[in-house]
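Scroll down for the structure; my scribbles are underneath it.
Dropping the structure here:
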């Protein structure tokens with residue numbers, strides 16, 4: 006992303022994809038097909054969530070099979086604040102709810118970050134398959150808690166009735182809300198690029214490839230990974246808050262293991278570790294789901310088949326196909 | 007509290023654990039030998055249950071169904087290994103997770119395509135229905151006892167297979183050094199297919215036995231799969247002994263938690279609140295236990311290749 | 053609570069009755085056609101389409117999509133149907149949690165939603181809406197009926213449900229009408245399939261009967277294991293665990309179980325006979341209670357379409373509210389909160405010609421409304 010770098014083919018591909026999303030939404034709006042603006046919003050939000058995961062998974066090699074936990078916690082932060090404001094009831098400790106998006110995002114950031122510190126501190130003691138299974142199990146634990154926790158709807162979920170507001174913007178209209186999500190996605194991608202090209206990012210990637218050498222250089226791989234894991238969770242958490250505003254609804258299904266699986270799918274489909282990988286993955290996935298779902302009720306079968314073919318034969322994902330082999334990793 | 011009830015619940019926990027062991031044994035074996043994480047293991051469990059239900063419905067014999075479940079799951083496992091999984095051994099875990107995640111979608115929708123959306127009928131065979139009297143004036147379900155015995159027999163069989171047979175020697179060799187075993191001239195391709203089919207057959211057996219007790223439906227495998235993961239993590243990846251002990255621990259903790267926690271909370275809370283809160287905590291208990299094990303032993307209790 | 057409600061409230065603004073309109077109607081149906089629980093969605097879709105086909109009405113177009121039981125996906129489909137297909141009416145959702153995700157969004161955009169199943173309490177009281185019609189039941193209804201029925205024979209009942217909102221509503225609904233002693237109250241994990249621990253508790257509880265609410269696979273597992281355990285106390289429950297789609301999987305273990313529903317295939321009225329015959333002829337299977345509700349939903353829409361144009365929302369809502377159609381449930385009218393006032397029956401699982409099915413053995417409530425209607429300010 007930085008201007009100091011020579012313009013690589015991947016950078017061109019990334020920029021094209023980002024602009025294509027924006028153009029798609031604008032064209033849909035201009036031609037009165039507002040549903041496609043909503044679809045583009047969904048793509049942007051899922052891409053942001055997956056970009057968060059890409060930070061841990063793509064750069065750090067941390068295959069988290071529990072990122073739905075952070076997506077859902079961000080979502081519940083949004084849902085709980087919004088419903089308290091909507092009903093005019095204070096929360097615990099007498100804190101007021103809020104329907105102002107930036108405040109909600111901050112809450113989502115903090116909540117998912119704190120949980121990530123706890124989960125990460127335990128999970129990162131392990132690696133490889135252990136890490137995959139443990140992150141999955143912790144997410145399941147939170148999922149079951151959310152289902153049986155009566156205060157905010159349990160399994161039924163929580164409807165927030167109206168979309169939260171952003172100062173000076175009418176968020177109820179599809180396009181302004183899309184632009185908010187798009188701006189956050191752009192910020193998320195910028196942050197991802199920043200991290201990737203920073204010293205910290207270099208250490209993180211080195212820790213993935215050769216943890217012993219990193220340790221020998223006097224850096225603690227555990228701490229580097231923990232920071233990456235927490236940053237990753239926070240970004241996914243903010244996306245969760247946006248997702249709830251998109252649907253005006255939050256439920257434990259955001260915390261389910263299938264959601265964790267889908268987030269991994271988005272990253273790998275697009276290209277692991279690539280800047281615009283999650284965006285390409287999210288766009289493809291949402292369109293697959295939308296088009297196949299309209300054609301056949303067996304769409305999950307074909308989705309599985311396509312995924313399998315991508316993993317087996319199209320390594321490097323969409324961005325890999327478009328931009329050639331990664332310059333790193 | 008009646009001591010009878012407590013003993014019965016412990017037995018229930020053991021039975022649940024044994025069932026988890028059949029799942030976890032396959033998972034841990036496949037990981038230990040081939041280094042593969044297989045999310046589709048729950049689908050093989052489902053295949054076993056559907057095969058058993060279909061054959062039992064056609065022939066009227068549960069036992070033929072049980073044989074069919076072993077055969078169908080082993081065959082499905084072998085096919086999956088040859089067509090898909092074989093290409094994944096050299097890949098990283100990420101690709102394995104994704105490919106086997108895709109396999110879940112294919113298996114689930116494929117099964118629904120073949121068998122329709124409604125759950126299938128499968129019941130306990132007449133010879134095993136009813137209860138037996140155990141010492142201490144305790145009646146216990148004969149079929150559940152049967153599951154415990156089969157599970158223990160499988161555990162003993164696996165131990166014998168791995169410790170005392172040629173195949174077992176190769177499996178052990180494969181676990182400790184993958185390149186070495188190839189250099190020794192063992193046909194590693196066949197060995198891998200065999201191990202995968204063996205793990206699949208165990209999952210299928212579990213699916214069939216449990217299917218008779220529960221319901222045979224699409225998606226039945228995934229909740230069990232996740233519990234089996236917890237078992238494997240607690241027991242230590244690659245260790246059959248760890249899988250057995252981990253499974254029984256998880257089974258007993260889960261069952262007793264569901265039973266004792268609400269009762270304990272009822273001492274100082276009204277009944278419905280105690281039931282609700284106790285139920286919530288009980289459903290998280292095994293994950294808390296897993297976290298505790300990890301704090302003490304990050305590689306699980308009996309890791310084979312730490 | 054209030055079993056009888058003045059029929060007068062039904063007679064709202066009937067200005068346009070009697071006129072036939074030919075304005076085309078677009079109906080969006082979101083239902084569960086894949087994954088767990090797809091059997092229910094398939095029944096709803098099939099019965100709804102059959103009713104439309106039988107009517108011969110060419111002006112009605114139904115767009116059906118699969119929600120895969122995912123709330124987020126259901127919301128997306130609803131957005132698409134409203135923004136892109138411009139549907140006039142929506143229907144089809146099976147599950148309460150999906151209804152909670154979709155319905156508030158739909159009705160806020162002035163699209164009418166008719167529920168063929170699921171009636172969460174959150175939408176029946178304070179948050180009721182003029183655009184939301186529930187043609188099935190309020191979630192508590194069947195449980196209340198079983199509580200009422202249990203009064204007759206049992207002084208001590210053990211009650212059991214999954215630990216999630218519908219489970220809690222279930223036991224609350226049961227206790228609302230049950231006057232005897234609760235021998236034990238247990239909440240199980242959602243999706244739990246092994247009930248050995250709970251059955252052991254039932255055995256030790258000294259209860260005279262067991263009331264349980266465990267939808268889908270949970271109910272199949274529980275009933276089979278319970279029959280195996282030899283505990284032998286009578287089982288009571290809402291119809292969900294004993295509807296036609298799951299009886300086959302439970303097998304003979306279900307025989308004799310009492311369950312409550314607003315409909316049964318042997319209910320003696322013309323509309324029902326026609327429905328059961330038509331459904332059996334078309335799909336070669338017995339209809340479930342979900343199919344019956346979807347059939348009624350379709351006929352309700354047809355009845356309103358004959359009276360008012362769907363473009364005139366006020367007139368169309370009024371026409372719907374009249375509920376001027378031949379319900380397979382015999383009597384059917386809407387309460388002030390647009391939820392049904394109907395009879396709730398007690399059925400018993402029996403075997404007819406080698407097929408397990410339900411037979412009516414009693415009536416728990418006549419003209420039963422719900423406990424939330426009075427909170428509804430419409």
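Protein chains in written order, with our numbering: chain R, 6 to 334; chain E, 7 to 312; chain S, 53 to 430.
Built from N, CA and C at the ideal position, the CB exists for glycine as well.
CB contact check: residue i to chain E, cutoff 8 Å
{"i": "residue 283 of chain S", "result": "no"}
{"i": "residue 220 of chain S", "result": "yes"}
{"i": "residue 210 of chain R", "result": "no"}
{"i": "residue 214 of chain R", "result": "no"}
{"i": "residue 138 of chain R", "result": "yes"}
Assigned secondary structure, residue i (DSSP; H/G/I helix, E/B strand, else coil)
{"i": "residue 69 of chain S", "result": "A caution first: residue 69 of chain S carries a pLDDT of 39, below 50, which makes its placement in the model unreliable, though a value can still be read off. Of the three classes helix, strand and coil, the one that applies to residue 69 of chain S here is coil, per DSSP."}
{"i": "residue 243 of chain R", "result": "helix"}
{"i": "residue 278 of chain R", "result": "coil"}
{"i": "residue 146 of chain S", "result": "coil"}
{"i": "residue 308 of chain E", "result": "coil"}
{"i": "residue 255 of chain R", "result": "strand"}
{"i": "residue 89 of chain R", "result": "helix"}
{"i": "residue 115 of chain S", "result": "strand"}
{"i": "residue 413 of chain S", "result": "strand"}
{"i": "residue 41 of chain R", "result": "helix"}
{"i": "residue 369 of chain S", "result": "helix"}
{"i": "residue 312 of chain S", "result": "strand"}
First through last residue of the alpha helix (DSSP H) which encompasses residue i
{"i": "residue 130 of chain E", "result": "Note, residue 130 of chain E: premise wrong, no alpha helix (DSSP H); not H, not E."}
{"i": "residue 276 of chain E", "result": "Note, residue 276 of chain E: premise wrong, no alpha helix (DSSP H); not H, not E."}
{"i": "residue 175 of chain E", "result": "172 to 182"}
{"i": "residue 325 of chain S", "result": "322 to 335"}
Within chain S, partners of residue i - CB distance below 7 Å
{"i": "residue 267 of chain R", "result": "Neighbours of residue 267 of chain R on chain S: none; closest Cβ ~10 Å, over 7 Å."}
{"i": "residue 127 of chain E", "result": "300, 301, 303"}
{"i": "residue 27 of chain E", "result": "None at all; the shortest Cβ gap to chain S is about 14 Å."}
Closer than 8 Å to chain R by CB, residue i
{"i": "residue 218 of chain E", "result": "no"}
{"i": "residue 216 of chain S", "result": "yes"}
{"i": "residue 293 of chain E", "result": "yes"}
{"i": "residue 156 of chain S", "result": "yes"}
{"i": "residue 253 of chain E", "result": "no"}
{"i": "residue 242 of chain S", "result": "yes"}
Contacts that residue i makes with chain R (C-beta to C-beta distance below 8 Å)
{"i": "residue 285 of chain E", "result": "153"}
Chain R residues whose Cβ lies nearer than 7 Å to that of residue i
{"i": "residue 101 of chain E", "result": "316"}
{"i": "residue 136 of chain S", "result": "38, 40"}
Cβ-Cβ separation, residue j to residue i (assumed contact under 8 Å), whole Å
{"i": "residue 231 of chain S", "j": "residue 203 of chain S", "result": "5 Å"}
{"i": "residue 208 of chain E", "j": "residue 70 of chain E", "result": "That belief does not hold up - the Cβ atoms of residue 208 of chain E and residue 70 of chain E are roughly 19 Å apart, past 8 Å."}
{"i": "residue 78 of chain R", "j": "residue 117 of chain R", "result": "5 Å"}
{"i": "residue 157 of chain E", "j": "residue 148 of chain E", "result": "Residue 157 of chain E to residue 148 of chain E, Cβ: 15 Å. No contact."}
{"i": "residue 195 of chain S", "j": "residue 265 of chain S", "result": "6 Å"}
Residue interval of the beta strand (DSSP E) (run including residue i)
{"i": "residue 208 of chain S", "result": "208 to 214"}
{"i": "residue 236 of chain S", "result": "233 to 240"}
{"i": "residue 137 of chain E", "result": "137 to 140"}
{"i": "residue 263 of chain S", "result": "261 to 264"}
{"i": "residue 96 of chain E", "result": "Element bounds for residue 96 of chain E: n/a, residue is neither H nor E."}
8 Å Cβ cutoff, residue i in contact with chain S
{"i": "residue 47 of chain R", "result": "yes"}
{"i": "residue 254 of chain R", "result": "yes"}
{"i": "residue 137 of chain E", "result": "yes"}
{"i": "residue 43 of chain R", "result": "yes"}
{"i": "residue 302 of chain R", "result": "yes"}
Contacts that residue i makes with chain E (C-beta to C-beta distance below 8 Å)
{"i": "residue 253 of chain S", "result": "11, 265"}
{"i": "residue 142 of chain R", "result": "232, 235, 236, 239, 293, 296"}
Contacts of residue i in chain S (Cβ-Cβ under 9 Å)
{"i": "residue 61 of chain E", "result": "Within chain S, no residue comes near residue 61 of chain E; the closest Cβ sits about 16 Å away, beyond 9 Å."}
{"i": "residue 206 of chain E", "result": "The premise fails here: residue 206 of chain E is roughly 21 Å from chain S at the closest Cβ pair, so nothing lies under 9 Å."}
Partners in chain E for residue i, counting only beta-carbon separations shorter than 7 Å
{"i": "residue 70 of chain R", "result": "103"}
Contacts that residue i makes with chain E (C-beta to C-beta distance below 9 Å)
{"i": "residue 130 of chain R", "result": "300, 301, 304"}
Interface residues of chain R facing residue i [CB-CB closer than 9 Å]
{"i": "residue 152 of chain S", "result": "158, 161, 162, 163, 164, 254, 256"}
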